[in-house]
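As structure tokens, the structure follows; a few thoughts come after it.
There are 2 protein chains.
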Amino acid sequence: MTRLLIASTALVGALAQPALAETIGVSIPAATHGWAGALNFHAERTVERLSETHPDLDFVLTTTSDPGAQISDLEDMVATRNIDALVVLPFESEPLTGPIQRIAESGIWVTVVDRGLVQEGIENLYVAGDNASFGRTAGEYFAETLDEGARIVVMRGIPSTVDNERVEGFEAAIEGAGIEVLAMDHGNWNRDTAFTLMQDYLSRFPEIDAVWAADDDMAVGALAAIDQAGRNDEMFVVGGAGMKEIVDRIRNEDPLLPVNVTYPPAMIATAIEMTVLGLTSDAPMTGDFIIASELITPENAADFYFEDSPY
Amino acid sequence: MTRLLIASTALVGALAQPALAETIGVSIPAATHGWAGALNFHAERTVERLSETHPDLDFVLTTTSDPGAQISDLEDMVATRNIDALVVLPFESEPLTGPIQRIAESGIWVTVVDRGLVQEGIENLYVAGDNASFGRTAGEYFAETLDEGARIVVMRGIPSTVDNERVEGFEAAIEGAGIEVLAMDHGNWNRDTAFTLMQDYLSRFPEIDAVWAADDDMAVGALAAIDQAGRNDEMFVVGGAGMKEIVDRIRNEDPLLPVNVTYPPAMIATAIEMTVLGLTSDAPMTGDFIIASELITPENAADFYFEDSPY
Numbered sequence: 006m007t008r009l010l011i012a013s014t015a016l017v018g019a020l021a022q023p024a025l026a027e028t029i030g031v032s033i034p035a036a037t038h039g040w041a042g043a044l045n046f047h048a049e050r051t052v053e054r055l056s057e058t059h060p061d062l063d064f065v066l067t068t069t070s071d072p073g074a075q076i077s078d079l080e081d082m083v084a085t086r087n088i089d090a091l092v093v094l095p096f097e098s099e100p101l102t103g104p105i106q107r108i109a110e111s112g113i114w115v116t117v118v119d120r121g122l123v124q125e126g127i128e129n130l131y132v133a134g135d136n137a138s139f140g141r142t143a144g145e146y147f148a149e150t151l152d153e154g155a156r157i158v159v160m161r162g163i164p165s166t167v168d169n170e171r172v173e174g175f176e177a178a179i180e181g182a183g184i185e186v187l188a189m190d191h192g193n194w195n196r197d198t199a200f201t202l203m204q205d206y207l208s209r210f211p212e213i214d215a216v217w218a219a220d221d222d223m224a225v226g227a228l229a230a231i232d233q234a235g236r237n238d239e240m241f242v243v244g245g246a247g248m249k250e251i252v253d254r255i256r257n258e259d260p261l262l263p264v265n266v267t268y269p270p271a272m273i274a275t276a277i278e279m280t281v282l283g284l285t286s287d288a289p290m291t292g293d294f295i296i297a298s299e300l301i302t303p304e305n306a307a308d309f310y311f312e313d314s315p316y
Numbered sequence: 006m007t008r009l010l011i012a013s014t015a016l017v018g019a020l021a022q023p024a025l026a027e028t029i030g031v032s033i034p035a036a037t038h039g040w041a042g043a044l045n046f047h048a049e050r051t052v053e054r055l056s057e058t059h060p061d062l063d064f065v066l067t068t069t070s071d072p073g074a075q076i077s078d079l080e081d082m083v084a085t086r087n088i089d090a091l092v093v094l095p096f097e098s099e100p101l102t103g104p105i106q107r108i109a110e111s112g113i114w115v116t117v118v119d120r121g122l123v124q125e126g127i128e129n130l131y132v133a134g135d136n137a138s139f140g141r142t143a144g145e146y147f148a149e150t151l152d153e154g155a156r157i158v159v160m161r162g163i164p165s166t167v168d169n170e171r172v173e174g175f176e177a178a179i180e181g182a183g184i185e186v187l188a189m190d191h192g193n194w195n196r197d198t199a200f201t202l203m204q205d206y207l208s209r210f211p212e213i214d215a216v217w218a219a220d221d222d223m224a225v226g227a228l229a230a231i232d233q234a235g236r237n238d239e240m241f242v243v244g245g246a247g248m249k250e251i252v253d254r255i256r257n258e259d260p261l262l263p264v265n266v267t268y269p270p271a272m273i274a275t276a277i278e279m280t281v282l283g284l285t286s287d288a289p290m291t292g293d294f295i296i297a298s299e300l301i302t303p304e305n306a307a308d309f310y311f312e313d314s315p316y
């Protein structure tokens, strides 16, 4: 049973184990959609880099498609690989909390990434994106760029605390800038839903100066609808997360896509690097690292474009 | 003028600059008291370590005794050393905010350590201790260790937001544990004040089960008064910050000093390491890292004892 589940996961970096080597387990969701694909890309890349710079460290990287498989992976990492540290992005918070708590209580260093556990104080290190900063960074760009009286439409994600934090950050940032929000509906972080929603916005509003799509998948849907309506010259679109195709258009100065906001899948690299520092240096690495969103512009877009990443 | 101020600061790690080398400036308060002494120790040690592992990086480390000298140091780092990144623990928040803001706006990466600036959003990375966690960690130990009805005395620091956060964390953690706080006065983080305050507590209260001194300098003062009164066997003392002599007594299982709580001067190592990762890797390092306090026990005390540190 265990063997079957393990066989269905990807294991990389399982090098021969020298004496006194420390082993770091990394467990992340499989590359089932764009952002998770980039997460896998950055995890593999960081494990490769650190395996070279730290020959005394072993890595075991597993990817899972459901919470049950992830729990089995974690149990296997402890039982057969004797890991000293675990870096885990929980597939779901609720079912993974107990298993991760038992691992932490056994004395293994635990780094939790982005999706927090349902009980506080279990992990040594928590590394996560900042949803309020994600919305605020976009909102600040709108407030600085648009004239008073400008009209915008907004596409929200799936109703959730993540979506609420993002929208609250955005609304606070545009407050007092004289921007009129014509409509704000849920595009559910979905390309097709966003396409239909944007068609609706375009038919309802004869003048739109800008779109906040709050996620690059929705931005792609919105762009398709705008293109179909032939209204490319009227407005700009700001998505978010740093999708490769979007960043490429920003660095090529597409007027329709002036900027983007990060919610970086590369945070898995941050989490692995900090965990390694925690194991190999005297620098304290216990605590909460909240990664701020950054504004991607034509000037800095090259820093956010990863040629070999799937996303 | 500038030359005079620079001559009064310590400059280490100023290696010959190879082509394309990146230079990191580190500016911290001089070693005028215990915690700052350890800060200097960890900064020098980290710069030495990273100079070896990253021959492509240059470091310039300066220590200052007042805000004016620190401002001059920063100006000099920019003007004559052409730094690419700055790691700074501001001597005071108010006078340093403007100069650091100008450096950040010129495109230099800025990491601020522990003492925040008076305006938000200037620095790329903020690394700091967690005062609420400092108080909570001590309070949780009291709640778990002491029986219901136990009597304790508390020594607060200098009236400040730092002190308030620590005490609030402590009070929340002992709530409901049935611990009686006999008295809670300000020892002002000072050894002599704490000695006098403890003498007063000892004369007023015939039975004391434990002391929360909230800082190791105060703990040393309290211990002296307890020793003088010959009441060593009656109580235990929990300080905080990880002073070397205290950690040494914990690892030797002194019943008077069962545990300690970190507010680690080694956080400067964390800040320098993360800044180097920000410059040399693709891992996002922009954001806020709040370092949780850890409980030092006889079992893990060796990890917190630095033989060559002055503190």
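Residue numbers (our numbering), protein chains in the order written: chain P, 6 to 316; chain U, 6 to 316.
Cβ coordinates follow ideal geometry from the N, Cα and C atoms, glycine included.
Have a look at L1/U and S98/P and give me their C-alpha separation to the nearest angstrom.
Limits of chain U in this structure are 6 at one end and 316 at the other, which puts residue 1/U out of reach.
On the DSSP bridge assignment, give the partners of W217/P in chain order.
V159/P and V243/P
Taking three-plus beta-carbon pairs below 8 angstroms as touching, is the region 164 to 181 of chain U in contact with the region 129 to 143 of chain U?
yes
Looking at the structure shown, is E125/P part of a helix, part of a strand, or coil, going by DSSP?
coil
Interfacial residues, the region 253 to 279 of chain U to chain P, with Cβ spacing under 9 angstroms:
T267, P269, A271, M272, I273, A274, T275, A276, I277, E278 and M279
CA-to-CA distance, T37/P to F46/P, given in whole angstroms:
12 angstroms
Since I believe T291/U is in contact with E149/P (beta carbons under 8 angstroms), could you give me their beta-carbon distance rounded to a whole number of angstroms?
That pair is no contact at about 19 angstroms.
Within a Cβ cutoff of 7 angstroms, which residues of the same chain sit near G245/P, ignoring the five residues on either side of it in sequence?
F139, A143, A219, D220, D221, N265, V266 and Y268
Could you check which residue in E128/U, D152/U and G39/U has the C-alpha nearest to that of P315/U?
G39/U
When Cβ atoms are compared, which residues of the region 284 to 310 of chain P fall closer than 7 angstroms to chain U?
S286, D287, A288, P289, M290, T291, G292, D293, F294, I295, I296, A297 and E299
Looking at the secondary structure, which residues open and close the alpha helix (DSSP H) in which Y131/U lies?
Y131/U -> not in any alpha helix (DSSP H); beta strand (DSSP E) instead, spanning L130 to G134.
Under 8 angstroms Cβ to Cβ from I76/U, same chain only, skipping five residues before and after it: list those, please.
P100, L101 and P104
Indicate whether at least one CB of chain P lies closer than 7 angstroms to the CB of L122/U.
no
Touching by the beta-carbon criterion (3+ pairs, under 8 angstroms), the region 301 to 313 of chain P and the region 55 to 64 of chain P:
no
E165/P classed as buried or exposed, judged by whether at least 16 other C-beta atoms fall within 10 angstroms:
Here residue 165/P is Ser; the residue named in the question, Glu, does not match the sequence. Burial call: exposed.
Candidates D71/U, L284/U and R107/U, of which the one nearest Q124/U by Cα:
R107/U
Of all the residues that make up the region 133 to 156 of chain U, which are near chain P by a beta-carbon distance shorter than 7 angstroms?
D135
At which residues does the beta strand (DSSP E) containing L94/U begin and terminate?
Counting along the chain, L94/U falls outside any beta strand (DSSP E), and DSSP gives it neither H nor E.
Quick check on D259/U: does DSSP put it in helix, strand or coil?
coil
Bounding residues of the beta strand (DSSP E) (the contiguous stretch that carries H191/U):
E185 to H191
Secondary structure at G103/P, three-state DSSP: helix, strand or coil?
helix
Cα-Cα, which of M248/P, E153/P, L66/P and L55/P is closest to I33/P?
L66/P
Kindly indicate which three-state DSSP category H47/P falls into: helix, strand or coil?
helix
Cutoff 7 angstroms: L282/P Cβ touching any chain U Cβ
yes
Taking 7 angstroms as the limit between beta carbons, can you name the residues of its chain near G42/P, skipping five residues before and five after?
A36, P315 and Y316
Confirm, please, whether the CB-CB distance from G183/P to G226/P is below 7 angstroms.
no
For H191/U, collect the residues of the same chain with a Cβ closer than 6 angstroms to its Cβ; drop the 5 residues on either side in sequence, then sort them by chain order.
R161
DSSP three-state call for V115/P: helix, strand or coil?
strand
Nearest neighbour of E250/U, chosen from D238/U, L228/U, N237/U and Q233/U [CA to CA]:
L228/U
Beta-carbon proximity of V216/U to L187/U, cut-off 7 angstroms
no
I need the DSSP call for P34/P, collapsed to helix, strand or coil.
strand
Since I believe M189/P is in contact with A230/P (beta carbons under 8 angstroms), could you give me their beta-carbon distance rounded to a whole number of angstroms?
So it is not a contact: roughly 17 angstroms between Cβ atoms.
So the candidates are P95/P, A271/P and D238/P; which of them puts its Cα closest to the Cα of D259/P?
D238/P
Considering only DSSP beta bridges, list what L79/P is partnered with.
None; L79/P has no bridge partner.
Of all the options F311/U, R256/U and N257/U, which has the alpha carbon lying nearest to the alpha carbon of A271/U?
F311/U
Got a sec? Which residues, its chain only, sit under 6 angstroms from D89/P by beta carbon, not counting five neighbours each side?
E27 and T28
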